[in-house]
Amino acid sequence: MLDTWRSCNGAGVESSSGRCDYRLMEVLRVEELAAVHLELAGESDSGRSATTLYTRPGARLRQTLIALDAGQILGEHQSPGDASLMCLQGDVVLRAGDAEVELRAGDLVAVPPQRHDVHARTASVLLLSVALH
Numbered sequence: 361m362l363d364t365w366r367s368c369n370g371a372g373v374e375s376s377s378g379r380c381d382y383r384l385m386e387v388l389r390v391e392e393l394a395a396v397h398l399e400l401a402g403e404s405d406s407g408r409s410a411t412t413l414y415t416r417p418g419a420r421l422r423q424t425l426i427a428l429d430a431g432q433i434l435g436e437h438q439s440p441g442d443a444s445l446m447c448l449q450g451d452v453v454l455r456a457g458d459a460e461v462e463l464r465a466g467d468l469v470a471v472p473p474q475r476h477d478v479h480a481r482t483a484s485v486l487l488l489s490v491a492l493h
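The sequence shown begins at 361 in our numbering and counts up by one.
Here's what the structure looks like:
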């Protein structure tokens, strides 16, 4: 199953021609993918693993599952624009300038428009949703 997600960035199934076939109403087992990516993050030198769960040509939305090993930091980076971050598992801190907010499983926050970073206090899984313009 993981190879399918990698080959098409989680958006479909790779056909024999090497192109993605996008499926309507395909159900993604996010808990299963989270477990796989937490394991990959734990095995990775970077302590992280990510996969795009949803996008397609011409889409105005991209959703990315991000798994971080405990103690890992997504270093300061520019805001992707209109976006939200949902903590699916674990405990993270989102920092922007002097402000910070703690997110635990089930918490959702709008990503601030300025540069920010994310620190995983425990092994964590996040869902980043970005509006594409």
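No residue lacks a Cβ here, since even glycine has one placed at the ideal position from N, Cα and C.
Query, Result
"Between which two residues does the alpha helix (DSSP H) containing R400 stretch?", "Note that residue 400 is Leu in the sequence shown, not Arg. Looking at the DSSP string, the run of the alpha helix (DSSP H) that includes L400 is 390 to 403."
"Among residues of its own chain, excluding the 5 on either side of G407, which ones have a beta-carbon nearer than 7 angstroms to its beta-carbon?", "A401, L428, D429, Q432"
"Just checking my contact of L486 with L445 at CB under 8 angstroms: how many whole Å lie between their CB atoms?", "6 angstroms"
"Is the beta carbon of L413 sitting closer than 8 angstroms to the one on Q423?", "yes"
"From E386, C447, A491, P472, pick the residue whose C-alpha is nearest to that of A495; which is it?", "No answer is possible for residue 495: it lies beyond the span of the chain, which begins at 361 and ends at 493."
"According to DSSP, is A350 part of a helix, a strand, or is it coil?", "Absent from the model: residue 350. The displayed extent of the chain is 361 to 493, so no value can be given."
"Please report how far the alpha carbon of S489 lies from the alpha carbon of L425, in whole angstroms.", "9 angstroms"
"Using beta-carbon positions only, say whether T396 and P440 come within less than 8 angstroms of one another.", "The sequence given here places Val at residue 396; Thr does not occur at that position. Against a cut-off of 8 angstroms, the Cβ pair of P440 and V396 comes out as no contact."
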